[in-house]
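Okay, so here's the structure we're looking at.
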Amino acid sequence: MQLLEEKLKNLPSQPGIYMMKDELGNIIYIGKAVSLRNRVRQYFQSSRNHSPKLRAMVPKIKDFEYILTDSELEALILECNLIKKHRPRYNVLLKDDKHYPYIKVTTEEDYPRVFLTRKVKKDKNRYFGPYTDAKAVRETIELIKKLFPIRSCNKNLNNIKKGDRPCLYYHINQCQGPCMGNVDKEEYQNMIKEVCKFLDGRHEELIKELKEQMKEAADKLQFEKAAMLRDKIAAVEKVMEKQKVLSTDFVDQDVIAIAQGRKKSIVQMFFIRSGKLIGTEHFGLDDTEDTDIKEALSSFIKQYYLVSSFVPKEILVQEEFDDIEIIEDWLSNNKGSRVYLKVPHRGEKKKLVDMALKNAVETLENYEQKLVREEARTLGALEELARHLELEDPPRRIEAFDISNIQGTDSVAAMVVFEDGRPNISEYRRFKIKGVIGPDDYASMQEVLKRRFKRGIEERKKLQSEGKDINIGKFSKFPDLILIDGGKGQLNAALKVLDEFGLSHIPTISLAEKFEEIYVKGQEEPIILPRNSNGLQLLQRVRDEAHRFAISYHRSLRNRNSLHSVLEDVPLIGPKRRAALFKHFGTLEAIKNASLDELLQVEGMNRKAAENLQRYFGKNI
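This note's numbering puts the sequence shown at residues 46 to 666.
This is how it looks when you write it as structure tokens:
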């Protein structure tokens, strides 16, 4: 604490960003300031005016770092990038944009492609989005491919060999066939510009250009080309017909409104281009119940436009917020022309914001109704289990174990974790059974439990000796309830291990599949819950997930072993290359279908070994 006070005294009165850290050195909040000295000190003054979120955060601050910048604008840009990188717990966070779909146009290539991606890179390609509906994105891409004969393949067009054949899309006139080497590069690039105009919502501009092209083709008696352009114009106009005229300003606008709920806020966006509504999206912001709507607006706008491919001339929002002017400057710099952030109070623009807010409220209400139902399935189910199993508290963390083998071969075990009634996939663990020969489920279960808790106890001791939180290790967090797949025999086998490790206080049950009987330590007769019980249904979901995870692991091992045995007969394909092939392609079928160039991309593969594989699968070299 003394060190913290010393750092507070020496803070400079310059613009910059600050990063609050907890006792483990994790960044829990990132902010910017015109004066670091004034802003950071505010956190440690009287908490009377602090929001509930701030009151929860401040006691966790054990250290902070700061970076000086030359201006508030630089601080804002740095803040945006660092929040995106670190995703601190107490910042208002837009769902990780890696999950959102984008439309990518590979403008870096001579003959670009258009496809869905969830990764935005800092390159010369064009990205459109983010979107929230992957299905709608795929439909848009399909429409583009019907309108514009662009290529779909990922062939290296610099390495086309004589005799290569074009794909089906060429034969059905949905690709011009640049792989044939007879497509004019400039003509193709012009078509890509049209695609980008379509995705930007600049439909009227696109139609004007297409009409000019159609007239030119007709004048040159190129009637087939003119007819094709006519059909393209008709298709674009059909898309336009579905769009509503919402603004008479005929400028590009984004309309943003936020509705705040108990655990989540919904951001509704309208995308208006040349006065027409071309699309809508809604986004979720988590853990915003204690967040001021002004902070939520500011945070969303910064995070959204940091990755957005397009910034309109106007952005309409429902409320003023502190850094609105500096965000305007930032967006204007990004766009290369003036961008205006406006809070309309009357007229047409106010109606647009109100309409967006109405839609945000409706979406939020639907979400909260769904949340109530989900809580009955999760938290409500945990409370029910606590009653039936006579537990002091609901089991927030449930660990389930399952064994999978076929006649004792490739025996594996799976551990799945449910927290607050939901699967936590990052906590799943899988094990190869090492010390059991043959199909012995009891012994296999005991081996797995021994390994899991031995590792957990060792991690806890190490973390305690280092003065760290005992729950941050891979195995150090212990369950509130252990679920074993099976009957009384499987339960007793598990209890012996827990007694051995001094962990008999952890509630442990088994669930027998046939009659869904719950066996509990010290009870002769099983507990039988009604089939419609939320508690029983939760246990079934946990048990079935453990079974699924174990089976999938067992299947992958079996496939790998099968693959390796098949490839043992191929000259120059030893264990390392077999492992590399499986890692690269995943399946034997994919290896069979791979081209010579694709095989050569595998780590450790040379041309001779790749040619041997091709011959083995009956391909001509």
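All residues carry an ideal CB built from backbone N, CA and C; glycine is no exception. None of the values given here were measured: they were computed from a predicted structure.
Practice item. Using three-state DSSP, classify M650 as helix, strand or coil. Key: coil
Exercise for review: Answer yes if the region 403-419 comes into contact with the region 550-557, meaning at least three C-beta pairs across the two stretches below 8 Å, and no otherwise.
Suggested key: no
Practice item. If I'm right that K339 touches F366 with Cβ under 8 Å, what's the distance once you round it to whole angstroms? Key: 4 Å
Check your understanding: Closest to A531 by CA distance: which of A591, N201 and R318 is it?
Key -> The question names Ala, but residue 531 in the sequence shown is Gly. Answer by Cα proximity: A591.
**Study point:** Boundaries of the beta strand (DSSP E) in which L161 is found, first to last residue
**Key:** V159 to T162
Review point. Just checking my contact of S521 with I515 at CB under 8 Å: how many whole Å lie between their CB atoms?
Key: 5 Å
Point to revise | Segment contact, 8 Å Cβ cut-off, at least three pairs: the region 84-91 with the region 112-122 | key: no
Review point. What does H327 pair with, by DSSP beta-bridge criteria?
Key: Q313
Point to revise | Identity of the residue in R467, Q585 and S449 nearest M490 by Cα | key: S449
Check your understanding: Taking only runs of the beta strand (DSSP E) that begin and end inside the region 529-604, which ones reach a length of at least 3 residues, in chain order?
Key -> 553-557 and 562-565
Check your understanding: Enumerated in chain order, which unbroken segments of the alpha helix (DSSP H) with a length of 4 residues or greater are wholly contained in the region 427-512?
Key -> 486-510
Point to revise | Counterpart residues of D614 in DSSP-defined beta bridges | key: Answer is none; D614 lacks a bridge partner.
**Study point:** Cα-Cα separation, Y661 to R132
**Key:** 50 Å
Point to revise | Simplified DSSP assignment, three categories, for F520 | key: coil
**Study point:** Coil, strand or helix - Y63 by DSSP
**Key:** strand
Point to revise | Spatially closest choice to Y349 from L583, T333, L409 and F328, by CA coordinates | key: F328
**Study point:** Where H248 falls, given that 16 or more other Cβ within 10 Å makes a residue buried
**Key:** buried
Point to revise | Limits of the alpha helix (DSSP H) - the one that E642 falls within | key: According to the sequence shown, residue 642 is Asp rather than Glu. Where D642 is concerned, the enclosing alpha helix (DSSP H) stretches over L641 to L645.
**Study point:** C-alpha distance - P57 paired with L81, whole-angstrom precision
**Key:** 6 Å
**Study point:** Local Cβ density within 10 Å of R588, reported as buried at 16 or more and exposed below that
**Key:** buried
Point to revise | Proximity below 7 Å, CB of E117 to CB of M64 | key: no
Check your understanding: Under the three-state reduction of DSSP, which class applies to Y385: helix, strand or coil?
Key -> strand
Practice item. Report the residue from I573, I529, L584 and F498 whose alpha carbon sits nearest the alpha carbon of F546. Key: F498
Practice item. Rounded to whole angstroms, what's the CA-CA distance from G222 to Q267? Just pull it up for me. Key: 20 Å
Point to revise | Integer Cβ distance of D447 from A431, believed to fall under 8 Å | key: Contact doesn't hold; Cβ gap of about 23 Å is too wide.
**Study point:** Residue nearest to D331 in terms of C-alpha spacing, selected from I317, G324, G320 and V312
**Key:** V312
Check your understanding: What whole-angstrom Cβ distance do D486 and Q535 have, given they're in contact under 8 Å?
Key -> 7 Å
Review point. Quick one: what does DSSP say Y214 is sitting in, helix, strand or coil?
Key: helix
Check your understanding: What separation, rounded to the nearest whole angstrom, lies between the Cα atoms of N579 and L416?
Key -> 15 Å
Practice item. Could you tell me the distance, in whole angstroms, from the CA atom of E503 to the CA atom of L612? Key: 41 Å
Check your understanding: Does the distance from the C-beta atom of R496 to that of Y598 stay below 7 Å?
Key -> no
Check your understanding: When the Cβ atoms of the region 231-242 are set against those of the region 191-202, are three or more pairs found closer than 8 Å?
Key -> yes
Check your understanding: Does the Cβ of I128 have 16 or more other Cβ atoms within 10 Å, making it buried, or fewer, making it exposed?
Key -> buried
Review point. Taking C-alpha atoms, which residue in E184, T185 and C212 lies nearest to S197?
Key: C212
Check your understanding: What residues in its chain sit with their C-beta under 7 Å from that of R275, if we drop five residues either side in the sequence?
Key -> M259
Exercise for review: Taking only the alpha-carbon atoms, compute the straight-line gap between G453 and K479 and give it to the nearest angstrom.
Suggested key: Any reading at G453 must be qualified, since the residue scores a pLDDT of 47, below 50, and its modelled position is unreliable; no value is offered.
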